[in-house]
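Okay, so the sequence shown: first residue is 219 according to the working numbering, each after it adds one. Glycine included, every Cβ here is placed at the ideal spot set by N, Cα and C.
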Amino acid sequence: MLSPEEMLTFYYPDIYGNCPIDLELLGYKLTTHHLFSVPMKLKDLLKDELSDRELDHLIQSYDLVGDIAITQIPAELTHREKLIGEAIIATNKRIRVVAKRDGFYQGDFRTIPLTIIAGEDRKETEHVEFGVRLQLNPELVYFSVRSSTERKRIAELVEPGEDILVMFSGIAPYPLIINKFSQARSIVGIESNPLAHNYGTRNLTLNKVKNSIELFWGDVTDVVPEIDRKFQRIIMPLPTASRDYLPVALECLSPGGTIHFYDFQPVGSYSASLDTINHLCRDSGRQVLSSSPVVCGHTSPGINRVCLDTLIG
Ligand SMILES: C[S@@+](CC[C@H](N)C(=O)[O-])C[C@H]1O[C@@H](n2cnc3c(N)ncnc32)[C@H](O)[C@@H]1O
């Protein structure tokens with residue numbers, strides 16, 4: 219039996235592609251998830267190789283990061299993983315490597331161990347998201363293909379001339395997507411994992427970005443006071459701990475600015491996140507003017523990844 223923390227880390231991003239439809243009735247605005255699923259096809263390919271019992275355990279979905287398919291192999295199928303990996307390669311010409319998750323999302327850097335089960339022996343790849351090129355090693359840095367529509371959603375909210383702060387910027391997908399799809403004046407990203415930061419700077423070069431994005435390596439708690447700037451919009455994509463950094467974000471948010479606050483909450487509820495924001499705003503002498511929740515993923519059946527788009531006076 220998994221603990222709640224293990225549930226979160228194991229399933230985030232999760233293996234379930236679809237939000238339950240009743241979320242819309244509960245007032246959430248849903249975004250699409252990018253789950254690459256191969257309904258029936260993988261099972262068809264393996265139906266003569268695996269027993270009926272083994273086929274029942276088979277997880278048919280995988281995330282496609284560049285040319286690496288990342289899947290999960292249940293313990294009952296470990297002895298069959300090479301066969302399954304080769305079948306996954308046969309489902310899609312783009313796939314050159316198949317890796318399985320070999321543990322939970324862990325540590326401050328939110329990384330997950332991966333083991334290659336088929337294909338080429340490498341973990342570095344290049345992923346393209348809405349035309350933005352992103353190089354990464356998905357074992358050494360956090361990156362979720364399932365957040366792509368959420369990143370684009372945020373970019374489309376940006377007004378011309380805004381100064382943007384992306385806390386926890388990883389390999390820089392938010393800065394690059396915002397840069398491509400908005401007329402922001404400046405974009406700052408802060409990331410503490412040195413390997414993710416290095417991929418971020420490499421990705422700026424790869425996408426021929428010159429001055430519009432600045433990336434800083436370090437802890438947001440240290441870097442925000444050092445750079446001493448104000449932002450009209452702050453993105454906080456660290457749902458496991460965004461609340462710990464909200465006071466730092468409030469220090470550099472202009473009056474009337476927006477915070478995109480990511481959190482994990484039970485399906486149908488976001489009041490605890492809003493209570494946290496209200497409480498911390500009051501402590502900092504600020505006021506929540508409006509806040510609307512957007513469901514942008516889920517970690518396990520019953521737990522959503524929610525973004526509260528929050529306007530703060
Ligand atoms: C959930 S990931 C999101 C990464 C990226 N924004 C994306 O969408 O792919 C959170 C990131 O925050 C980084 N991180 C965690 N704590 C941090 C801190 N105190 N300061 C700066 N970065 C931090 C982690 O290393 C990780 O790359």
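**OP:** Using the Cα positions of E342 and D440, report the straight-line distance between them to the nearest angstrom.
**Re:** Put simply, the backbone Cα of E342 is about 30 Å away from that of D440.
Subject >> Alpha-carbon spacing of L275 relative to D446, whole angstroms >> reply: As written in the sequence, residue 275 is His, which differs from the Leu given in the question. Using only the alpha carbons, I get a separation of about 53 Å.
Original post:
Of all the options Y392, V524, T419 and G321, which has the alpha carbon lying nearest to the alpha carbon of P292?
Top reply: Cα-wise, what sits closest to P292 is G321.
Subject >> Alpha-carbon to alpha-carbon, G486 and D232 >> reply: Any reading at D232 must be qualified, since the residue scores a pLDDT of 34, below 50, and its modelled position is unreliable; no value is offered.
Original post:
Residues bridged to G349 by DSSP?
Top reply: Residue pairing by DSSP leaves G349 without any beta bridge partner.
Original post:
With 16 as the cutoff for other CB atoms within 10 Å, does R500 come out buried or exposed?
Top reply: R500 comes out exposed.
Original post:
How about D326: is its Cβ closer than 7 Å to a heavy atom in ligand 1?
Top reply: Within the chosen limit of 7 Å, ligand 1 reaches the beta carbon of D326 through at least one heavy atom.
Subject >> Cβ-based neighbour list, L529, same chain, cut-off 6 Å, excluding 5 preceding and 5 following >> reply: Excluding positions up to five away in sequence, the list reads T476, L507 and S508.
**OP:** Check whether the region 373 to 382 touches the region 451 to 466, counting contact only when three or more Cβ pairs, one atom from each stretch, lie closer than 8 Å.
**Re:** Taking 8 Å as the limit for Cβ pairs, the verdict is that the region 451 to 466 does touch the region 373 to 382.
**OP:** Return the bridge partner residues of K318 from the DSSP annotation.
**Re:** According to DSSP, K318 bridges with T289 and T333.
Original post:
Along the chain, which unbroken stretches of the beta strand (DSSP E) at least 3 residues long are found entirely within the region 337 to 388?
Top reply: Entirely contained in the region 337 to 388, the beta strand (DSSP E) runs reaching 3 residues are, in chain order, 343 to 347, 350 to 354 and 381 to 385.
Original post:
For the putative contact between T289 and I277, defined by C-beta atoms under 8 Å, what is the C-beta separation to the nearest angstrom?
Top reply: Contact flag correct, Cβ pair sits at about 6 Å.
Subject >> Closest by C-alpha distance to L413, when choosing among S269, L332, E357 and Q483 >> reply: Taking only the C-alpha atoms, the option nearest L413 is E357.
**OP:** Return yes when the C-beta of G418 is under 7 Å from any heavy atom of ligand 1, and no when it is not.
**Re:** No.
Original post:
Among all the DSSP beta bridges, which residues are the ones paired with F434?
Top reply: Beta-bridge pairing by DSSP links F434 to I408.
Subject >> Per-residue burial, N411 [other beta carbons within 10 Å of its own, 16 or more giving buried] >> reply: So N411 counts as buried.
Subject >> Contact the region 454 to 473 vs the region 416 to 432: 3+ CB pairs below 8 Å >> reply: Contact check between the region 454 to 473 and the region 416 to 432: fewer than three CB pairs, one atom from each, fall below 8 Å, which does not count as touching.
Subject >> Whether G303 touches V283 by CB criterion (8 Å) >> reply: For G303 and V283, no; Cβs fall outside 8 Å.
Original post:
Who are the Cβ neighbours of P534 in its own chain at under 7 Å, not counting the five residues just before and after it?
Top reply: Here the chain covers residues 219 to 531 and nothing more, so residue 534 does not appear.
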